[in-house]
Structures are given as C-alpha cells and as structure tokens.
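Residues in the sequence shown are numbered from 1 upward in steps of one, following my numbering. Notes follow the structure.
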Amino acid sequence: MNTKALKKGTDFLLGVGLDILHRESMEWLETVAFWKHETRFFADLLRNKDGGEMEYGKMLINLDKIHENLFNYLADDIISHEKILARLEKGEKGIADADYRDRHKNLKKRMQLFTNEFREFKKMVFGYVKKL
Numbered sequence: 001m002n003t004k005a006l007k008k009g010t011d012f013l014l015g016v017g018l019d020i021l022h023r024e025s026m027e028w029l030e031t032v033a034f035w036k037h038e039t040r041f042f043a044d045l046l047r048n049k050d051g052g053e054m055e056y057g058k059m060l061i062n063l064d065k066i067h068e069n070l071f072n073y074l075a076d077d078i079i080s081h082e083k084i085l086a087r088l089e090k091g092e093k094g095i096a097d098a099d100y101r102d103r104h105k106n107l108k109k110r111m112q113l114f115t116n117e118f119r120e121f122k123k124m125v126f127g128y129v130k131k132l
C-alpha cells in the first residue's frame, strides 16, 4: 500500500468537516482584528516616542499603515471565503467543495505568512522603542 506522510496542518484538509474550516476562518478573522488593534497601538506608541532615529520610527509607522491595509484585504478575503461556504452549504450549483477547500488551504498559508511577518515587525518595533 502506498501511503503519503501528511504535512502538519496542510494536506489534512480533505478529511476535515466544513464546520471545522468555518471555525478556523472565524479564528482568522479574530486574529486579523487583533492585529489591526495592535498596529494602531504601535502607531500611537511610535508617534509618542522622541528619539535620535526619527527616520527609522517614520519607516515603522509606514510599515504599520501597510500592515493595517494588508489586514483589511486579508479580512475581506476571509469574509468572501465564508460567503462561498454559505453558498456551498446551500447546495448552489457551480460551487465545488474541492475549490472551497483549495481556497481555504491558500488562505491558511497566507495567515501563516502574515503571522510570521507581523511577528518580525513587532520585534522591530519593540527593539526600536527599547532603544529610546
């Protein structure tokens, strides 16, 4: 028998119920909302700090704005994804379960990428503020 080792959290989606995927999407929306709150906090923190490296601080504020916009796009994509799930559950024609799952897998990869990138951004902000 040919068996394929599954990568943790990625190749496993076909066996997961749609309710689990829906719950994961809702968790993503909560995470994105929290990130947006954090970016506003960082922007306020950076604006209120005075220091010799003002150009670096301005760059971090601009990165903050970029992250907030990216989070808005990501949240919109997740909401759109959830609307497709609703249509799939209603049994609308032209919507395939496999397509939904593929899109979910891609969103999951994007969430992982954003998580890693935002973590690095936060390290930069904390390092900058710590030096001031």
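For every residue, glycine included, the Cβ atom is placed at its ideal position computed from N, Cα and C.
Proximity to I78 [Cα-Cα], best of E27, K130, G17, D99: The residue with the shortest Cα to Cα distance from I78 is E27.
Contacting residues, own chain, Cβ-Cβ under 6 Å from G127 (five flanking each side not counted): Take G127, set aside five residues on each side of it, and no residue of its chain has a beta-carbon closer than 6 Å to its own.
R23 versus K105 - alpha carbon distance: Cα to Cα, R23 sits roughly 14 Å from K105.
L74, buried or exposed, once every other Cβ within 10 Å from all chains shown has been counted against 16: Classification of L74: buried, given that the 10 Å Cβ count is 16 or more.
N-terminal and C-terminal residue of the alpha helix (DSSP H) that G127 is part of: Its alpha helix (DSSP H) spans residues 97 to 131.
K93 (DSSP reduced to helix, strand or coil): Reduced to three states, the DSSP call for K93 is coil.
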